[in-house]
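**Student:** Before I ask anything, let me first share the structure, which is written out below as structure tokens.
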């Protein structure tokens, strides 16, 4: 049970790539908390449809496909937050 609470360094490194982490942060900064949850589930290897309704998932996918075009707007905010945390 301790291994679940204290993952090894190798497990932490494989949890999420930096690009994936940035996508989750961008979604949170944009106020898209449901989309951030979908991303986290996908990046962790889970099927979001096992956890959220089909119609909700489809709406999120539709809404966020065009959101990828505005992605660069939030990259600057991510960099600002990292600088404050560091």
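In our numbering, the protein residues as written are 227 to 312. Note that CB positions come from ideal geometry on N, CA and C, so glycine has one too.
1) Express the C-alpha separation of residue 284 and residue 253 in angstroms, rounding to a whole number.
2) For residue 275, count the other beta carbons within 10 Å of its own beta carbon; 16 or more makes it buried, fewer makes it exposed. Which is it?
3) Taking DSSP as the reference, what is the three-state secondary structure of residue 251?
4) To the nearest angstrom, how far is it from the Cα of residue 261 to the Cα of residue 278?
5) Considering only the beta carbon of each residue, do residue 267 and residue 249 sit closer than 7 Å?
6) Within a Cβ cutoff of 8 Å, which residues of the same chain sit near residue 273, ignoring the five residues on either side of it in sequence?
**Tutor:** With the structure as the only source:
1) 17 Å
2) exposed
3) helix
4) 11 Å
5) no
6) 267
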